[in-house]
Amino acid sequence: MAASVVDTTKSASGGIPIADLKTISLAKLHAKENIEIDRLDKAASNTGFFYLDLRGDPVGERVLANLPGMYAVAAEYFAQPEETKEKDARHDIKSSQDIGYRKRRTGQDFDISRDELRSNCASHLPEVFQMQKKQIAGFSASCDDACLTLLNSLSTDFAVHHRVDQPSETGLKMTLEPSLARLSDGGDNLHTDSGTLTMLFYEELGLHAFYPDASLWAFAPIVEGCVLINVANSLQRLSGGKFHSPKHRMTQASDGAKDRYFLSYFLRPENALKEAWEAEA
């Protein structure tokens, strides 16, 4: 059964629909508990969204310990003048790659490549991030470990296309996505993710997804000690359609302008697999 979606009129102002998603324990996956692995398989097959509980696991606890500092460094970076950030746009990469600074109509992003962090190629990192490189690299490595644990739990066959010593577009994204004074002014950005697995950290409601079984759009709430995970297109393809890459969008629950920060970690397959798929097309 897909996740139930309930209208939480009493607990959410305005009766905002809130998704009731499964929670998977990272500690139990590391312990290779079969019941938890089965629950993960079902969550990835049904809605494609679930929470990963990071508490009680050494890797997960490192992620949680670094999280406040990561939000702080993101806020510090995006608070800089626009002309300063524009210098961080990367012109040495393909247009399809997400690395460096990018301004969009609705917000701003800064993407950090796992490959560049692993190779100690920090010359492209702005000074704000250079000063916190150890923390950023540690946070990225812990997120990567958690994602690979999820992938290996689903199938070791998928993991062979995600070797950390092979080039890929895996990386960390910091996002400033301010909410608007009027919800109606927001544009539509409905999409699926192009990678394998996405981790999303957030402190304000923002991710909005459609749940066909309930015929409702609903927000994914903030759950203490957990990170939201969604299956992405590459994993759906690798699994022959078994695992579901869900459509979703970033929006806001109500009127009101304020800064909102999101941290995302995108596990993506090796470039060699991506190139092989492109050659088949």
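The UniProt record's numbering numbers the first residue of the sequence shown as 1 and each following residue consecutively.
Heads up, the beta-carbon is just placed ideally off N, CA and C, and yes, glycines get one too.
Residue 28 and residue 43 closer than 7 Å at C-beta: Taking the sequence shown and counting its residues from 1, the one referred to as residue 28 is at position 28. Taking the sequence shown and counting its residues from 1, the one referred to as residue 43 is at position 43. Against a cut-off of 7 Å, the Cβ pair of residue 43 and residue 28 comes out as no contact.
Residue-level contact to chain B via CB, residue 123, 7 Å cutoff: In the structure shown, chain B cannot be found, because there is only a single protein chain.
Residue of 154, 20, 257 and 253 minimising C-alpha distance to residue 32: Counting from one through the sequence shown, the residue named residue 32 turns up at place 32. Nearest option by C-alpha distance: 154.
Straight-line gap, residue 80 to residue 260 (C-alpha atoms, nearest Å): Taking the sequence shown and counting its residues from 1, the one referred to as residue 80 is at position 80. Taking the sequence shown and counting its residues from 1, the one referred to as residue 260 is at position 260. Those two C-alpha atoms are separated by around 16 Å.
Through-space distance from residue 78 to residue 134, alpha-carbon basis: Taking the first residue of the sequence shown as position 1, residue 134 is located at position 134. Taking the first residue of the sequence shown as position 1, residue 78 is located at position 78. Their Cα atoms are separated by approximately 19 Å.
Beta-carbon proximity check, residue 268 vs residue 168, cutoff 7 Å: Here residue 268 is taken as the residue at index 268 of the sequence shown, counted from 1. Here residue 168 is taken as the residue at index 168 of the sequence shown, counted from 1. It is a contact, given that the beta carbons lie within the stated cut-off.
Outcome for residue 131 when other beta-carbon atoms lying within 10 angstroms are tallied against a minimum of 16: On the sequence shown, position 131 is the one that residue 131 refers to. Note on residue 131: under 16 other CB atoms within 10 angstroms of its CB, so exposed under the neighbour-count rule.
Counted within 10 angstroms of its Cβ, other Cβ atoms place residue 103 as buried (16 or more) or exposed: Residue numbering aside, residue 103 sits at position 103 when the sequence shown is read from its first letter. With fewer than 16 other Cβ atoms from the protein chains shown falling within 10 Å of its own Cβ, residue 103 counts as exposed.
Rounded C-alpha distance that separates residue 184 from residue 251: Locating residue 184 in the sequence shown gives position 184, counting from the first residue. Locating residue 251 in the sequence shown gives position 251, counting from the first residue. In a straight line, the C-alpha of residue 184 is about 10 Å away from that of residue 251.
Residue range of the unbroken beta strand (DSSP E) whose run includes residue 173: Residue numbering aside, residue 173 sits at position 173 when the sequence shown is read from its first letter. From DSSP, the beta strand (DSSP E) with residue 173 extends over 171-176.
Segments of 4+ residues assigned as alpha helix (DSSP H) that fall wholly inside the segment 109-189: Runs of the alpha helix (DSSP H) lying entirely within the segment 109-189, each at least 4 residues long, are 114-118, 127-130, 133-154 and 156-159 in chain order.
Contact under 7 Å by Cβ, residue 210 with residue 253: As a working note, residue 210 is residue 210 in the sequence shown. As a working note, residue 253 is residue 253 in the sequence shown. Not a contact, by the Cβ cut-off of 7 Å.
Cα-Cα separation, residue 65 to residue 54: As a position in the sequence shown, residue 65 is number 65, starting the count at 1. As a position in the sequence shown, residue 54 is number 54, starting the count at 1. For residue 65 and residue 54, the gap between their C-alpha atoms comes out near 11 Å.
Alpha-carbon to alpha-carbon, residue 190 and residue 207: The residue given as residue 207 occupies position 207 in the sequence shown. The residue given as residue 190 occupies position 190 in the sequence shown. Going by the C-alpha atoms only, they are around 10 Å apart.
Straight-line Cα distance separating residue 58 from residue 276: In the sequence shown, the residue the question calls residue 276 occupies position 276. In the sequence shown, the residue the question calls residue 58 occupies position 58. So the alpha carbons of these two residues sit roughly 36 Å apart.
Beta bridge counterpart(s) of residue 250 as assigned by DSSP: As a first step, residue 250 is located in the sequence shown; it is residue number 250 there, counting from the start. Answer is 207, bridged to residue 250.
Euclidean distance between Cα positions of residue 282 and residue 140: Limits of the chain in this structure are 1 at one end and 281 at the other, which puts residue 282 out of reach.
Residue nearest to residue 197 in terms of C-alpha spacing, selected from 280, 144 and 128: To locate residue 197, count along the sequence shown from 1; it is residue 197. With distances taken between Cα atoms, residue 197 lies closest to 144.
Beta carbon of residue 70 nearer than 7 Å to that of residue 110: Taking the first residue of the sequence shown as position 1, residue 70 is located at position 70. Taking the first residue of the sequence shown as position 1, residue 110 is located at position 110. No, they are not a contact pair.
Close beta carbons around residue 201, own chain, < 6 Å, minus the five adjacent residues each side: Here residue 201 refers to the residue found at position 201 of the sequence shown. Answer for residue 201: 227 and 263, listed in chain order.
Where the alpha helix (DSSP H) containing residue 100 begins and where it ends: Within the sequence shown, residue 100 is the residue found at index 100, counting from 1. Counting along the chain, residue 100 falls outside any alpha helix (DSSP H), though it belongs to the beta strand (DSSP E) covering 100-103.
Residue 268, DSSP secondary structure in three states: Numbered from 1 along the sequence shown, position 268 holds the residue referred to as residue 268. Here residue 268 sits in coil by DSSP.
Cβ-based neighbour list, residue 158, same chain, cut-off 6 Å, excluding 5 preceding and 5 following: The sequence position of residue 158 within the sequence shown is 158, counting from 1. 151 and 238.
Inter-residue Cα distance where the pair is residue 118 and residue 124: Along the sequence shown, one-based indexing puts residue 118 at 118. Along the sequence shown, one-based indexing puts residue 124 at 124. Between the alpha carbons of residue 118 and residue 124 lies a gap of roughly 13 Å.
Contact under 7 Å by Cβ, residue 300 with residue 26: The question about residue 300 has no answer here: the residues shown for the chain are numbered 1 through 281.
Residue nearest to residue 99 in terms of C-alpha spacing, selected from 106, 92 and 112: Walking along the sequence shown from the start, residue 99 turns up at place 99. The residue with the shortest Cα to Cα distance from residue 99 is 112.
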